[in-house]
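Below is one structure, written out as C-alpha cells; the observations come after it.
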Amino acid sequence: EVQLVESGGGLVQPGGSLRLSCAASGFTFSSYWMHWVRQGPGKGLVWVSHINDDGSSTNYADSVKGRFTISRDNAKNTLYLQMNSLRVEDTAVYYCARVARDSGDYYWFDPWGQGTLVTVSS
Amino acid sequence: DIVMTQSPDSLAVSLGERATINCKSSQSVLYSSNNKNYLAWYQQKPGQPPKMLIYWASTRESGVPDRFSGSGSGTDFTLTISSLQAEDLAVYYCQQYYTTPRTFGQGTKVEIK
C-alpha cells in the first residue's frame, strides 16, 4: 500500500524552528517528485515547496522562501521540511504529497499524507 | 502565478440532485503540445487529507463513483456531481499543475439542503 506519514509537528514560539518528516512506503520513493502543502485553520490549500526525485532541484512559495528548506533522504525514504523563523501565520496542517507519476513533476498530487499540525504561538 | 477562482463558495443541494462547481484559471492550463488540461479536482472531508477525484480536467480517478464528472478546457472548468449522496458532503478544490507554484481554488463547500 502506498503510504505517506508525516511527523514532527507541534507548538513552537514565533521565531522558533521545527523539522517535519514524511515517511514514504509502498513505492519507489527515489523516482518521484514530492511536495509540501499547508492548510491554515479553516482555510484552503496552499502549496509550500517541492523537490525533484534526486533532491537536486527545489522550489518554494514566496511566503516561505529563505525560511523553509525542503530536502529528502532517498536511502531512508523520507522527505523533510526544515522550518526556521516561524511566524504566527505559518500555523497550519502540513501535508506531504507525491506526484501521481514517476516521470517528472507536472502531475496531480496522489497520495497525500494525513498531515501534521504546526502551531506557532507565544 | 496562476490564480484559481471557484464559484460558488458554498452550495446546498438536496439528496439526489445535481451539484455543479465552477473553476476559472487566470491563464490557460491547456498545454498545446499534448492537448491536455493540467487541472485536477480534489475532495476533502473534515479531518481528512484531500482525495484525488479528477485529473486532466475530465479523467476520473480509479474507484471514484461515476456520479462525479469533470469538464472544461483552457481557463474554465466544471465539476459535476450528478446525484448528490450524503457521503459527498465535503469541500471541493480545483488545482492547476501546469506551472509552479501549484495553485488551488479557494474551495467550495457542498452541503445538504
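So the sequence lines, in the order shown, correspond to chains A and B.
Counting in our numbering, the first sequence runs from 1 upward without gaps.
Counting in our numbering, the second sequence runs from 123 upward without gaps.
All C-beta atoms in this analysis are idealised placements derived from N, C-alpha and C, irrespective of residue type, glycine included.
Predicted, not measured: the structure shown is a model, and the values here were computed from it.
_Given a cut-off of 8 Å on the beta-carbon distance, is the pair B/Q165 and B/N144 in contact?_
Within the second sequence, residue 165 of chain B is the residue found at index 43, counting from 1. Within the second sequence, residue 144 of chain B is the residue found at index 22, counting from 1. For B/Q165 and B/N144, no; Cβs fall outside 8 Å.
*Write down every uninterrupted run of the beta strand (DSSP E) in the segment 32 to 120 of chain A whose length is 3 residues or greater and which is fully enclosed by it, in chain order.*
34 to 39, 45 to 51, 58 to 60, 68 to 73, 78 to 83, 92 to 99, 109 to 112, 116 to 120
*Between B/T230 and the rest of its own chain, which residues show a CB-CB distance below 6 Å, the 5 nearest in sequence each way excluded?*
Your numbering for residue 230 of chain B matches position 108 in the second sequence. So the list reads Q128, I143, Y214, once near-sequence residues are dropped.
*B/L137 - containing beta strand (DSSP E), residue span*: Numbered from its first residue, the second sequence carries residue 137 of chain B at position 15. Run containing B/L137: none; DSSP gives neither H nor E here.
*Is A/F27 helix, strand or coil by DSSP?*
Along the first sequence, read from residue 1 onward, the residue named residue 27 of chain A stands at position 27. A/F27: coil per DSSP, three-state reduction.
_By the three-class DSSP mapping on this structure, what secondary structure does A/E6 have?_
Position 6 of the first sequence, counted from the start, is the residue given in the question as residue 6 of chain A. Note: A/E6 maps to strand in three-state DSSP.
*For the segment 25 to 43 of chain A, which residues have a beta carbon sitting closer than 9 Å to at least one beta carbon of chain B?*
H35, V37, Q39, K43
_Minimum C-alpha distance to B/S204 - residue among B/R224, B/Q228, B/G192, B/F226_ = On the second sequence, position 82 is the one that residue 204 of chain B refers to. Checked all of B/R224, B/Q228, B/G192, B/F226; the closest Cα to B/S204 is B/G192.
*Anything in the segment 209 to 229 of chain B with a Cβ closer than 9 Å to a Cβ of chain A? List those residues in chain order, please.*
V213, Y215, Q217, Y219, Y220, T221, T222, P223, R224, T225, F226, G227, Q228, G229
*Below 8 Å on the Cβ atoms is my guess for A/P14 versus A/V88; work out the distance and round it to an integer in Å.*
In the first sequence, residue 14 of chain A corresponds to position 14, counting from 1. In the first sequence, residue 88 of chain A corresponds to position 88, counting from 1. Yes, A/P14 and A/V88 are in contact; Cβ-Cβ is about 6 Å, under 8 Å.
*Cβ-based burial, A/A75 [other Cβ within 10 Å; buried from 16]*: Walking along the first sequence from the start, residue 75 of chain A turns up at place 75. Exposed.
*Starting from the C-beta of A/Y95, find all residues in its chain whose C-beta is less than 6 Å away, skip the five residues before and the five after it, and write them out in chain order.*
Locating residue 95 of chain A in the first sequence gives position 95, where the first residue counts as 1. Same-chain partners within the cutoff: V37, W112, G113, G115.
_Could you check whether the segment 155 to 162 of chain B touches the segment 217 to 230 of chain B, counting it as contact only if at least three pairs of C-beta atoms, one from each stretch, sit closer than 8 Å?_
yes
*Leaving out five residues on either side along the sequence, give the residues of the same chain with a beta carbon under 7 Å from the beta carbon of B/V186.*
Counting from one through the second sequence, the residue named residue 186 of chain B turns up at place 64. Around B/V186: L175.
*Residue interval of the beta strand (DSSP E) (run including B/I203)*: Within the second sequence, residue 203 of chain B is the residue found at index 81, counting from 1. Unbroken beta strand (DSSP E) run through B/I203: 198 to 203.
*What does B/R182 pair with, by DSSP beta-bridge criteria?*
On the second sequence, residue 182 of chain B is found 60 positions in, with the first residue counted as 1. Its beta-bridge partners are B/I176.
*Does B/A179 get closer than 8 Å to chain A when you measure Cβ to Cβ?*
On the second sequence, position 57 is the one that residue 179 of chain B refers to. Judged by the 8 Å Cβ criterion, B/A179 is not in contact with chain A.
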